[in-house]
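In what follows, a structure is listed as structure tokens, so that the remarks can point back to it.
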Amino acid sequence: MTALEVRNLHKRYGRQIAVDDVSFTVEEGEIFGIIGPNGAGKTTTVESIAGLRTPDSGSIRVLGLDPIKDRAEVRERLGVQLQESSFPDAIKVAEALDLYSSFYRDPADWRELMELLGLTEKRDTRYKALSGGQKQRLSIALALVGGPRIAILDELTTGLDPQARRDTWSLIERVRDTGVTILLVTHFMDEAERLSDRIAVIDGGRVAAVDTPAGLIARSSPVQQVRFRVSQPLDTSVLTRLPDVTDVEITEGRWLVTGRGQLLSSVAGALARAQVVAEDLRVDQRNLDDAFVAFTGRAPQSPESSERKGA
Amino acid sequence: MPALLKMVKVETRLFLRDSATVMFGVLFPAGLLLVLGSIPALKESSPETGGLRSIDIWAPTALVFGMVMIAVQHVPAVIATYRERGILRRLSTTPAPPRRVLLAQMIVAFASVVVSAALMIFLAWAVLDIAPPERPLEFLAAFVVGYAALLGIGMISAAVARTSSAANQIGTLLFVALMFFGGAFLPRTLMPDVLREAGESVPPGLQALTAAWSAEAGEITATAGGRPFWLQIAIMAGIAVAGSAIAAKLFRWE
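Protein chains in written order, with this note's numbering: chain A, 2 to 312; chain B, 5 to 258.
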């Protein structure tokens, strides 16, 4: 079943077009990632889904409901963790969870959530005194306290240290395992690649591509490269005649084989047949960073640089 | 209803954890009155005022001090901070209706002022021998309606101020203006008639409070062509309704 459907979403602020034309659908139980450069329209898109913005044109359906017209019903079923949102400094963890659970018709057990997110020890700590990671976990807990069918998580791990980021990722996977559909907005490629079943790349207010992480990587760059040294002399024709190989270069004893498809296994097979041992074998693994560059023409931000910015 | 109660409970706790507001809004009026009451000159009865002491006439002003503090400074600052920090925005993504957020704030603000007033009236009686309000029902009406009028004005600021510093600036301005008419800087007995008349229509309606507290003091501070008590109350009610309606109209989450 379709959890979320965005069709030709368009939103402008004055003359500035924030979202030009965005369409995608998210199936139930999926973790769907949205990546894109700053200002690409990611946040406006999710804010429109959450009913915080009224689209200028296009339609949005959350479990078949319109976020503006069926505002109350959508709010019951959609959990939100947004950027630029916060909680009162003096509120304690347990109070916030208890209070937010009172907003919903059929809330989740907030004590269980507190346990799941590792906040039980901090139940009597004021929001202000929590670390960045704890605040983020509380924010996630509060997005889930209403027992939502869909959760929007916007820039989930910004400002977290590497360990906290990995902890948060496994937590998100556990949440998905409980059947919650997750819409994940991020500018961290490792996060999107690790968590998402499918990813939409948004650039300049439009969807540049929607695919699985592996699909995006393959589409962005079909070319693969394998490097190695050989233990004994070898004729290049052993490799150049392989259908997957397009080019072979040898510089100072280092072989660089360029090709496509199942390049690595073709090369390894040919070498084995020639009874040559490849040393120092390396595959140039393309990742989502490369795909991001290919689709947007810009380099993604690294977690390190944005952590420094957030500190 | 239990949901509103829960929010009131949490907001009350947050209020009590804010020690500056508790000090200034709740305890300060009583403290101020006790300090002024310890000045001998203010405790001498004067034949000009029919044997009343200055402190007797001034007591309602101390009460107004706490009311104004909470209604136009504290409440708008809390809501503007909620807006500035995205707390309102976060709330707006939940099924909690906006009026619950505002209502909870108003209930807490009202309760704190009731405590402040009760404490002040008790200490005024116990320590300074100032008699409690002579006409309790009318005093209660003047207090509740006058406070609602103050909150109505405070809520307009709360509805639109984007940042806590903006709310604080508006609040300070309102505080000075309202306390001027509230007799904090110049005792009402010394004000020219035109200011005193204007003061009858300025929330929370000091003249009505004074008259309900002590008829004698009320006569001294009343203007020659003073409006009847219930008309003053009606004006305050009008301001309360208009203020709340404007605030509800202008309210923004972000």
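For each residue, glycine too, the CB sits at the ideal point set by N, CA and C.
Since we're looking at a predicted model, the values are computed, not measured.
Give a yes or no on whether the minimum CB-CB distance between residue i and chain A is below 7 Å.
i	result
B/Arg57	no
B/Leu18	yes
B/Pro99	yes
B/Ile125	no
B/Val14	yes
B/Ala7	yes
B/Gly90	yes
B/Arg103	no
B/Arg192	no
B/Arg94	yes
B/Arg256	no
B/Lys47	no
B/Arg21	yes
B/Lys10	yes
Consult DSSP for residue i and reduce its assignment to one of helix, strand or coil.
i	result
A/His188	coil
A/Leu145	helix
B/Phe255	coil
A/Thr159	coil
A/Leu83	coil
A/Glu280	strand
B/Val119	helix
A/Tyr314	Only positions 2 to 312 of chain A appear in the structure, and residue 314 of chain A is not among them; the question remains open.
A/Lys395	Beyond the ends of chain A as shown, which are 2 and 312, falls residue 395 of chain A; an answer cannot be given.
When the Cα atoms are used, what is the spatial distance from residue i to residue j?
i	j	result
A/Trp256	A/Arg230	6 Å
A/Glu48	A/Val186	11 Å
A/Asp382	A/Leu143	The requested residue 382 of chain A does not occur in the structure, where chain A is confined to residues 2 to 312.
A/Val146	A/Pro108	6 Å
B/Leu235	A/Gly42	56 Å
A/Val20	A/Glu174	29 Å
B/Leu36	B/Ala219	23 Å
A/Ala312	A/Glu156	Bear in mind that the predicted position of A/Ala312 carries a pLDDT of just 33, short of 50, making it unreliable; the figure below should be weighed with that in mind. Straight-line Cα distance between these residues: approximately 15 Å.
A/Gln164	A/Arg138	13 Å
A/Ala292	B/His78	52 Å
B/Trp62	B/Lys10	38 Å
A/Val94	A/Tyr101	11 Å
A/Thr46	A/Glu77	20 Å
A/Asn25	A/Gly205	Looking at the sequence provided, one finds Phe at residue 25 of chain A rather than Asn. Looking at the two C-alpha atoms, the distance is approximately 16 Å.
B/Glu15	B/Ala153	22 Å
B/Leu254	A/Leu289	46 Å
B/Thr98	A/Tyr105	8 Å
B/Ala221	B/Gln211	9 Å
Compare the C-beta of residue i with all C-beta atoms of chain B and state if any pair is closer than 7 Å.
i	result
A/Leu139	no
A/Ala73	yes
A/Gln17	no
A/Ser102	no
A/Ser222	no
A/Ser171	no
A/Arg76	yes
A/Glu197	The identity of residue 197 of chain A in the sequence shown is Ser, whereas the question assumes Glu. Output row for A/Ser197: interface = no.
A/Ser87	yes
Say whether the stretch 109-123 of chain B touches the stretch 188-207 of chain B, bearing in mind that this needs 3 or more beta-carbon pairs closer than 8 Å, one atom from each stretch.
In this structure the stretch 109-123 of chain B does not lie against the stretch 188-207 of chain B, because fewer than three pairs of beta carbons, one per stretch, are closer than 8 Å.
Select from the stretch 144-159 of chain A all residues with a C-beta closer than 8 Å to any C-beta belonging to chain B, and list them in chain order.
Of all residues in the stretch 144-159 of chain A, Gly147 have a Cβ within less than 8 Å of some Cβ in chain B.
Using a Cβ-Cβ cut-off of less than 9 Å, give me the residues of the stretch 40-63 of chain A that come near chain B, in sequence order.
Flagged, chain order: Ala51, Gly52 and Leu53.
At a cut of 8 Å, does the stretch 24-38 of chain A reach the stretch 194-211 of chain A through at least three beta carbon pairs?
By the Cβ test, the stretch 24-38 of chain A is in contact with the stretch 194-211 of chain A, since at least three Cβ pairs between them sit closer than 8 Å.
Are at least three pairs of beta-carbons, each pair with one atom in the stretch 189-197 of chain A and one in the stretch 111-126 of chain A, less than 8 Å apart?
Taking a cut-off of 8 Å for Cβ pairs, the stretch 189-197 of chain A and the stretch 111-126 of chain A do not touch, as fewer than three such pairs fall below it.
For the stretch 22-35 of chain A, list every residue whose C-beta sits within 8 Å of some C-beta in chain B, in sequence order.
Within the stretch 22-35 of chain A, no residue places its CB atom closer than 8 Å to a CB of chain B.
For the stretch 76-85 of chain A against the stretch 83-96 of chain B, do three or more pairs of beta-carbon atoms, one drawn from each stretch, fall closer than 8 Å, so that the two count as touching?
In short, these stretches touch, since the Cβ pair count reaches three.
Looking at C-beta atoms only, is the number of pairs between the stretch 97-112 of chain B and the stretch 135-142 of chain B that lie closer than 8 Å three or more?
Touching, no, given that fewer than three Cβ pairs across the two stretches are closer than 8 Å.
Counting beta carbon pairs with one atom in the stretch 20-34 of chain B and one in the stretch 233-253 of chain A, are three or more of them shorter than 8 Å?
With the cut-off at 8 Å, the stretch 233-253 of chain A and the stretch 20-34 of chain B do not touch.
Any C-beta of chain A within less than 8 Å: which residues of the stretch 23-35 of chain B qualify?
Within the stretch 23-35 of chain B, no residue qualifies.
Using 8 Å as the threshold, is the stretch 142-158 of chain B in touch with the stretch 54-74 of chain B, meaning 3 or more CB pairs across them?
Result yes; three or more Cβ-Cβ pairs closer than 8 Å.
Compile a chain-ordered list of the residues in the stretch 153-166 of chain B whose CB is closer than 8 Å to at least one CB of chain A.
Correct list: empty, as no residue qualifies.
Should the stretch 222-236 of chain A be regarded as contacting the stretch 260-268 of chain A, the criterion being three or more beta carbon pairs within less than 8 Å?
The stretch 222-236 of chain A, when compared against the stretch 260-268 of chain A, does touch it at the 8 Å Cβ threshold.
Any contact between the stretch 237-244 of chain B and the stretch 140-150 of chain B? By contact I mean 3 or more CB pairs, one from each, below 8 Å.
The stretch 237-244 of chain B, when compared against the stretch 140-150 of chain B, does touch it at the 8 Å Cβ threshold.
Decide yes or no for the touch test of the stretch 82-91 of chain B against the stretch 160-179 of chain B: beta carbon pairs closer than 8 Å, at least 3 of them.
At 8 Å Cβ cutoff, the stretches touch.
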